[in-house]
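Visitor:
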Amino acid sequence: MATRKNPEAKGAEGANVSKDDLLKYYRDMLLIRRFEEKAGQLYGMGLIGGFCHLYIGQEAVVVGLEAATKEGDKRITSYRDHGHMLACGMDPKGVMAELTGREGGLSKGKGGSMHMFSKEKHFYGGHGIVGAQVPLGAGLAFADKYMGNDNVTFAYFGDGAANQGQVYETFNMAALWKLPVIFVIENNQYAMGTAQKRSTSTPDLYTRGEAFGIPGETVDGMDVLAVKAASEKAVAHCRAGEGPYILEVKTYRYRGHSMSDPAKYRSREEVQKMRDERDAIEHVRELLLAGGHATDDDLKAIDKEIKAVVNEAAEFSKTSPEPALSELWTDIYA
Amino acid sequence: MATEVLMPALSPTMEEGTLAKWLVKEGDTVTSGQILAEIETDKATMEFEAVDEGIVGKILVAEGTAGVKVNTPIAVLVEEGESADAVPAPAAAPAAAAVPAAAAPVAAEAPAPVVSKASADWPEGTPMKTMTVREALREAMAEEMRATPEVYLMGEEVGEYQGAYKISQGLLDEFGAKRVIDTPITEHGFTGIAVGSAFGGLRPIVEFMTFNFAMQAIDQIINSAAKTLYMSGGQMGCPIVFRGANGAAARVGAQHSQDYAAWYAQIPGLKVVMPYSAADAKGLLKQAIRDPNPVIFLENEILYGRSFEVPVLDDFTIPFGKARIWREGTDVTIVSFGIGMSHALEAADKLAAEGISAEVIDLRTLRPIDYDTVLASVMKTNRCVTVEEGFPVGSIGNHLSATIMERAFDYLDAPVINCTGKDVPMPYAANLEKLALVTSDEVVAAVKKVTYR
Chain R
44 MATRKNPEAK
54 GAEGANVSKD
64 DLLKYYRDML
74 LIRRFEEKAG
84 QLYGMGLIGG
94 FCHLYIGQEA
104 VVVGLEAATK
114 EGDKRITSYR
124 DHGHMLACGM
134 DPKGVMAELT
144 GREGGLSKGK
154 GGSMHMFSKE
164 KHFYGGHGIV
174 GAQVPLGAGL
184 AFADKYMGND
194 NVTFAYFGDG
204 AANQGQVYET
214 FNMAALWKLP
224 VIFVIENNQY
234 AMGTAQKRST
244 STPDLYTRGE
254 AFGIPGETVD
264 GMDVLAVKAA
274 SEKAVAHCRA
284 GEGPYILEVK
294 TYRYRGHSMS
304 DPAKYRSREE
314 VQKMRDERDA
324 IEHVRELLLA
334 GGHATDDDLK
344 AIDKEIKAVV
354 NEAAEFSKTS
364 PEPALSELWT
374 DIYA
Chain V
831 MATEVLMPAL
841 SPTMEEGTLA
851 KWLVKEGDTV
861 TSGQILAEIE
871 TDKATMEFEA
881 VDEGIVGKIL
891 VAEGTAGVKV
901 NTPIAVLVEE
911 GESADAVPAP
921 AAAPAAAAVP
931 AAAAPVAAEA
941 PAPVVSKASA
951 DWPEGTPMKT
961 MTVREALREA
971 MAEEMRATPE
981 VYLMGEEVGE
991 YQGAYKISQG
1001 LLDEFGAKRV
1011 IDTPITEHGF
1021 TGIAVGSAFG
1031 GLRPIVEFMT
1041 FNFAMQAIDQ
1051 IINSAAKTLY
1061 MSGGQMGCPI
1071 VFRGANGAAA
1081 RVGAQHSQDY
1091 AAWYAQIPGL
1101 KVVMPYSAAD
1111 AKGLLKQAIR
1121 DPNPVIFLEN
1131 EILYGRSFEV
1141 PVLDDFTIPF
1151 GKARIWREGT
1161 DVTIVSFGIG
1171 MSHALEAADK
1181 LAAEGISAEV
1191 IDLRTLRPID
1201 YDTVLASVMK
1211 TNRCVTVEEG
1221 FPVGSIGNHL
1231 SATIMERAFD
1241 YLDAPVINCT
1251 GKDVPMPYAA
1261 NLEKLALVTS
1271 DEVVAAVKKV
1281 TYR
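Line by line, the protein sequences give chains R and V.
Its first residue numbered 44, the first sequence is counted upward by one per residue in this note's numbering.
Its first residue numbered 831, the second sequence is counted upward by one per residue in this note's numbering.
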C-alpha cells in the first residue's frame, strides 16, 4: 500500500469534519475510483464504446464540492462526468448501463458516457462540447434566481474549456445579473494532450474572473477537506446573493484524456509521483487511521462493500438488454 | 437660395414614416447638426438633424402626420432676407399628409391578398381586426406572458430600447425588467443561459436581433437545446422559443441577408415556424411559446410592417404542421412560406390574368411539414413550383421535390421547379440585390414552364 509522502499534507485539524464525514468522503471517492477502473476494464472488453473519459485521480474535487451542497442545488459538467453523477447520488447501475448502451442506462442507452442527466438529483449533464455547459450552468442559476429560491449551481469545466469564449460571455452576465453559480475549474493541467503552459497565457485560472469582478481562489484538489472548505465559502457567497464565484481546483488525472489516449505528452514518472505523493483517497485513508476513526479492517470492509456495488453495476450493465429498436424514434419531441 | 428639407430614410426598410414632432418653428434660425424634428420610422423614433444652415421658411408637413413618403419635402430653409413664399410649393402634397397620425390606420402598406376560402384556423363569423405582423407578434408574447409567469423575453435591446424592430415595444413597462431582459451583445453566451434556464424550469423567448447573429449561438441551439431530450432518454426537455428577423431585409449586404429556413429545418428536435401573415404570426407564436420543445421562429423584417386581418379571439393558436391554402386553383400548385408567399401570391394574380389557375399553399411550419396538403394538391394539379428566399442547394424546395417524386411521381406532368434565391452571397448594389432575390416574375416563368405555356 502506498503511503502518503507529501510532508505538507493537511490533516483534519481545523476543518470542520466529523468521523462520519471522513468516512463518507472515503466511501464516495473510492466508489468513483473503483467504478472508473471497472469502466476502463469494460471498455477494454469492448462492452463500452466511443469516447470514455475517466475521472481517476480527480475524485476529491467533486466529493469535496458536493460536501457543501443542499437539496435543490444543481450541478452540470462536461463529458468527464461519471464521478459527478456518482457523487450526487445517481445509481451506479444506471450510469454503468448507460456506458454499455443498455435499456437500463440513465438515458435508456441513447446518451452514452458523455450525456446523462437526472432531474431527481439535479444533475443537468454530461455535455460533449467543451465549454458549452458553462452558460447552461449559469442558466440554471438564472432560473433559480428568477424563481426566488436560494439554490446554487455548480458549473464544472476544465482548464481546456477555460479558454473558450463563451465562458467569458457567461462570466460577464453572471456577474452583471448576480447569478448564484459557482464556476469550478477542474485544472488537471492538460487540455487533452496540451499542457496548460502551452495553451494558456497566464497560469492562474482563478483570476480569470477579475475583469468581471468575480472573486476566485485556488484550491488543492487532491485534498478533499480543502475542497470542502472552499466549497462552503463559495456556496455562502452565492446563497447570500453576492453573485458568482470561481474555484480553480488543482487536480490531476491519472489516466489519459479518454480511453484512446496513450498520454505520451507527459512522463510515466510524473503520473507515478502524483499517485505516490498526492493521492486524494490515500490522504483520507491516512486521516481516518491516524485519527483513530477507523481500523485497517474497517477500511477493508468498506473496500469490499464498494467492490460489491461496482460489480453489481457491471453485472447489470452487461445483462440489461439493448434498447428496443423502437427507441430510435422516441424522445425526439416532448 | 432656398433649400428643401426632405423626409429622410432612417432605416434599411423604411419607405415612409410619421413626422412625430417639429423641434423648430417657422422663422427659427437653424445651424447644421441642429435637431429639426423627431421622425418615427418602422423601427424607432429618430431625431432628424439639419444638414444645411438657414432660416425655417416654411413647414410643409405638419407634426403628427403619418405615412410621409421618403424624399417628400417637409420644410424649406431660406437665407436671410429671402421669403419662403418665393419657394414653389411641392408639386403634390403626399396623400396622407393631411391625416393626423392618431386617426390614420396603422396599415400603411398594400392590403393583404384576400383569402379565397373560409379559414380552418378560426370559426365562421369570428370578428376580425387589421393588424401588422409586428403588432401580432407583440400581442402573442404579451398574452402568453400574462398567462404564464415562467415565460420571459431575453435579447439585445428588447427592453429599454423597446426592441430593435419594435416587436417588444411596451413589454418592459408591463412586465418589468425581471421578465424583459436586455442582454449584452453576446449571442453565444445568452443563448446558453436561456437554454440552461429552460432546463431549470423556465420558458424563455430568445429574441435574436436577426438570425444572422444566431450563427454565433448555433451550437447551443442545436447541440444543447435540440438534442438534450433525446440524449437524456426523455428526461430533460427544453421549452424555448428562438425568434427574430430572418432573411434579406434591404441593402444590408451579405452578412445580414440570409434565410436560415433550410438550415434549422434539418435538425430533429427542433420545430421550425416561418409565418407570412399576421394571423399566423400571432397564432403560431402563441403555440410556439406553449410548445414543450425548442422552436425556431423565423420572422421577416420586410413583413413586420404589413397588415393582415387577425381574428379577435380570447385565445387563438394555430397548430404546427398544418399548411394553409391561400388560394385554390387547378393548373399548378405553388408552395411557399414566409416572405416567399408575397411572390407566390403576386405570381398567382399575374397568372390568373393569363388564364392560369394556381393553387397557393403556405407551409407555415417547416418542421413538421404538412406533406399531406402539398401532395393532395399536386395530385390534383399535377404540377408544382416551390418558392423561397434561401439558397438553392439543400433548399426546402429540394426536399419537397424529392418527397413529391417519391410519393406522387405518377401524378406529375412536369418536373417540380424550385424558385430560390441565387447561389451567391447577397450583394449590396440595389440592382444586383434585386437580381439575387427570388421574384414573382421568376415564379410566373417557372409556372409557365411546368404548364407548357
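Don't be surprised by glycine CBs; every beta carbon is placed ideally from N, CA and C.
Determine the direct distance from the alpha carbon of Gln-101 of chain R to that of Ala-994 of chain V, and round the result to whole angstroms.
Guide: One-based indexing of the second sequence puts residue 994 of chain V at position 164. One-based indexing of the first sequence puts residue 101 of chain R at position 58. Approximately 47 Å between the Cα atoms of the pair.
Visitor: Quick one: measure Cβ to Cβ for Met-975 of chain V and Arg-1009 of chain V, integer angstroms, because I've assumed they're closer than 8 Å.
Guide: Locating residue 975 of chain V in the second sequence gives position 145, where the first residue counts as 1. Locating residue 1009 of chain V in the second sequence gives position 179, where the first residue counts as 1. Between Arg-1009 of chain V and Met-975 of chain V the Cβ distance is about 6 Å, and since that is below 8 Å, they are a contact.
Visitor: Figure out for me which residue from V:Ala-1153, V:Gly-863, V:Leu-849 and V:Lys-855 has the closest Cα to the Cα of Thr-895 of chain V.
Guide: As a first step, residue 895 of chain V is located in the second sequence; it is residue number 65 there, counting from the start. Nearest C-alpha to Thr-895 of chain V: V:Leu-849.
Visitor: Does Phe-794 of chain V get closer than 8 Å to chain R when you measure Cβ to Cβ?
Guide: Nothing about residue 794 of chain V can be read from this structure; chain V reaches only from 831 to 1283.
Visitor: Quick one: list the residues of chain R neighbouring Thr-1016 of chain V, beta-carbon separation under 8 Å, in chain order.
Guide: Along the second sequence, one-based indexing puts residue 1016 of chain V at 186. The answer, in chain order, is Glu-212, Asn-215 and Met-216.
Visitor: Out of R:Arg-241, R:Pro-246, R:Thr-294 and R:Lys-67, which has the shortest C-alpha to C-alpha gap to Asp-263 of chain R?
Guide: Against the first sequence, residue 263 of chain R aligns to sequence position 220. Considering only alpha carbons, the answer is R:Thr-294.
Visitor: Determine whether the beta carbon atoms of Asp-1200 of chain V and Gly-1151 of chain V lie at a separation below 8 Å.
Guide: The residue you call residue 1200 of chain V lines up with position 370 of the second sequence. The residue you call residue 1151 of chain V lines up with position 321 of the second sequence. Cβ distance < 8 Å, so Asp-1200 of chain V and Gly-1151 of chain V count as in contact.
Visitor: Are the C-beta of Ala-377 of chain R and some C-beta of chain V separated by less than 8 Å?
Guide: The count along the first sequence starts at 1 and reaches residue 377 of chain R at position 334. Yes, its Cβ sits closer than 8 Å to a Cβ of chain V.
Visitor: Where Gly-847 of chain V and Val-1274 of chain V are concerned, what is the direct C-alpha to C-alpha distance, given to the nearest angstrom?
Guide: What you label residue 847 of chain V is simply residue 17 of the second sequence in a count that begins at 1. What you label residue 1274 of chain V is simply residue 444 of the second sequence in a count that begins at 1. Looking at the two C-alpha atoms, the distance is approximately 33 Å.
Visitor: Less than 8 Å between the beta carbons of Val-1204 of chain V and Ala-1188 of chain V, yes or no?
Guide: Walking along the second sequence from the start, residue 1204 of chain V turns up at place 374. Walking along the second sequence from the start, residue 1188 of chain V turns up at place 358. Not closer than 8 Å, so no.
Visitor: Using 8 Å for Cβ pairs, my map puts Thr-196 of chain R next to Lys-117 of chain R. What's the rounded Cβ distance?
Guide: Here residue 196 of chain R corresponds to residue number 153 of the first sequence, with the count starting at 1. Here residue 117 of chain R corresponds to residue number 74 of the first sequence, with the count starting at 1. Correct: roughly 4 Å between the Cβ atoms.
Visitor: With DSSP as the reference, please indicate the residues paired to Met-958 of chain V in a beta bridge.
Guide: The residue you call residue 958 of chain V lines up with position 128 of the second sequence. Met-958 of chain V is bridged to V:Pro-1141.
Visitor: Could you say which of V:Ile-1186, V:Met-1066, V:Ala-1177 and V:Thr-1281 lies nearest to Leu-149 of chain R if we only look at CA atoms?
Guide: The residue you call residue 149 of chain R lines up with position 106 of the first sequence. Of the listed residues, the one whose Cα sits closest to Leu-149 of chain R is V:Met-1066.
Visitor: Measure the C-alpha to C-alpha separation of Lys-350 of chain R and Phe-185 of chain R and round it to an integer number of angstroms.
Guide: The residue given as residue 350 of chain R occupies position 307 in the first sequence. The residue given as residue 185 of chain R occupies position 142 in the first sequence. Going by the C-alpha atoms only, they are around 40 Å apart.
Visitor: Tell me Arg-1197 of chain V's beta-bridge partners as DSSP assigns them.
Guide: The residue labelled residue 1197 of chain V in the question sits at position 367 within the second sequence. The partner list for Arg-1197 of chain V (beta bridge, DSSP) reads V:Val-1102.
Visitor: Taking the straight line between their C-alpha atoms, what separation do you get for Arg-311 of chain R and Trp-372 of chain R?
Guide: For the purposes of this step, residue 311 of chain R is taken as residue 268 along the first sequence, with counting starting at 1. For the purposes of this step, residue 372 of chain R is taken as residue 329 along the first sequence, with counting starting at 1. In a straight line, the C-alpha of Arg-311 of chain R is about 46 Å away from that of Trp-372 of chain R.
Visitor: Can you list the beta strand (DSSP E) stretches of 3 or more residues lying completely in the stretch 839-876 of chain V, in chain order?
Guide: Whole beta strand (DSSP E) segments, 3+ residues: 846-852 and 865-870.
Visitor: Along the stretch 251-265 of chain R, where does the CB come closer than 9 Å to a CB of chain V? Name the residues.
Guide: Within the stretch 251-265 of chain R, no residue places its CB atom closer than 9 Å to a CB of chain V.
Visitor: Kindly identify the DSSP beta-bridge partner or partners of Ile-1247 of chain V.
Guide: As a working mapping, residue 1247 of chain V is identified with position 417 in the second sequence. Answer is V:Val-1215, bridged to Ile-1247 of chain V.
Visitor: At which residues does the alpha helix (DSSP H) containing Val-1025 of chain V begin and terminate?
Guide: For the purposes of this step, residue 1025 of chain V is taken as the residue at position 195 of the second sequence. Unbroken alpha helix (DSSP H) run through Val-1025 of chain V: 1017-1029.
Visitor: Find the nearest neighbour of Ser-1166 of chain V within the set V:Ala-1183, V:Leu-1196 and V:Phe-1146, judged by alpha-carbon distance.
Guide: Taking the first residue of the second sequence as 1, we reach residue 1166 of chain V at position 336. Nearest option by C-alpha distance: V:Leu-1196.
Visitor: Per DSSP, Asp-1012 of chain V is paired with what?
Guide: Counted from its first residue, the second sequence places residue 1012 of chain V at position 182. When beta bridges are read from the DSSP output, Asp-1012 of chain V appears opposite V:Gly-985.
Visitor: Skipping 5 residues on each side, what residues in its chain have a beta carbon closer than 7 Å to that of Ala-306 of chain R?
Guide: Taking the first sequence and counting its residues from 1, one reaches residue 306 of chain R at position 263. Closer than 7 Å at the Cβ level, and outside the excluded window around Ala-306 of chain R, lie Gly-299.
Visitor: Please classify Ala-379 of chain R as buried or exposed, where buried requires at least 16 other C-beta atoms within 10 Å of its C-beta.
Guide: This structure gives no information on residue 379 of chain R, because the portion of chain R shown stretches from 44 to 377.
Visitor: Out of R:Gly-144, R:Glu-109 and R:Gly-201, point me to the one whose CA is closest to Thr-85 of chain R's CA.
Guide: As a first step, residue 85 of chain R is located in the first sequence; it is residue number 42 there, counting from the start. Note that residue 85 of chain R is Leu in the sequence shown here, rather than Thr. Nearest C-alpha to Leu-85 of chain R: R:Gly-144.
Visitor: Can you confirm whether Leu-1059 of chain V, when its beta carbon is compared against all beta carbons of chain R, has any partner nearer than 8 Å?
Guide: Counting from 1 along the second sequence, the entry for residue 1059 of chain V is found at position 229. So yes, Leu-1059 of chain V belongs to the interface.
Visitor: Identify every residue that forms a DSSP beta bridge with Asn-834 of chain V.
Guide: Reading the second sequence from its first residue, position 4 is the one you call residue 834 of chain V. A small correction: the amino acid at residue 834 of chain V is Glu; Asn does not occupy that position in the sequence shown. According to DSSP, Glu-834 of chain V bridges with V:Val-906.
Visitor: So which residues on chain V does Gln-36 of chain R lean against when the C-beta distance must stay under 7 Å?
Guide: An answer regarding residue 36 of chain R cannot be provided, because it is not within the stretch 44 to 377 covered by chain R.
Visitor: Taking all protein chains shown into account, decide if Ile-1015 of chain V is buried (16 or more other Cβ within 10 angstroms of its Cβ) or exposed.
Guide: Stepping through the second sequence from its first residue, residue 1015 of chain V is reached at position 185. The residue is exposed, with fewer than 16 neighbouring Cβ atoms inside 10 Å.
Visitor: Helix, strand or coil for Phe-1041 of chain V per DSSP?
Guide: Sequence index remark: in the second sequence, residue 1041 of chain V carries index 211 (1-based). Reduced to three states, the DSSP call for Phe-1041 of chain V is coil.
Visitor: Take Ala-942 of chain V and list the residues in its own chain whose beta-carbon comes closer than 6 Å to its own, dropping the five residues that flank it on each side.
Guide: Counting from one through the second sequence, the residue named residue 942 of chain V turns up at place 112. Caution is warranted here: a pLDDT of 48 is assigned to Ala-942 of chain V, below 50, making its placement in the model unreliable, and the coordinate value is therefore given only provisionally. The answer, listed in chain order, is Phe-1138.
Visitor: Following the continuous beta strand (DSSP E) through Lys-162 of chain R, name the residue where it begins and the one where it ends.
Guide: Counted from its first residue, the first sequence places residue 162 of chain R at position 119. Careful: Lys-162 of chain R lies outside any beta strand (DSSP E) and carries neither H nor E.
Visitor: Output the residue ranges of the beta strand (DSSP E) runs that lie fully inside the stretch 1102-1175 of chain V and measure 3 residues or longer, sorted by chain position.
Guide: If we require 3 residues or more, the beta strand (DSSP E) runs fully inside the stretch 1102-1175 of chain V come out as 1124-1129, 1137-1141, 1154-1157 and 1162-1166.
Visitor: CB Asn-1130 of chain V to CB Ala-1075 of chain V, shorter than 8 Å?
Guide: In the second sequence, the residue the question calls residue 1130 of chain V occupies position 300. In the second sequence, the residue the question calls residue 1075 of chain V occupies position 245. Against a cut-off of 8 Å, the Cβ pair of Ala-1075 of chain V and Asn-1130 of chain V comes out as a contact.
Visitor: Would DSSP call Val-292 of chain R helix, strand or coil?
Guide: In the first sequence, counting from the first residue as 1, residue 292 of chain R sits at position 249. Strand at Val-292 of chain R.
Visitor: In or out: Asp-1089 of chain V buried (at least 16 other Cβ within 10 Å) or exposed?
Guide: Position 259 of the second sequence, counted from the first residue, corresponds to residue 1089 of chain V. Per the 10 Å Cβ criterion, buried.
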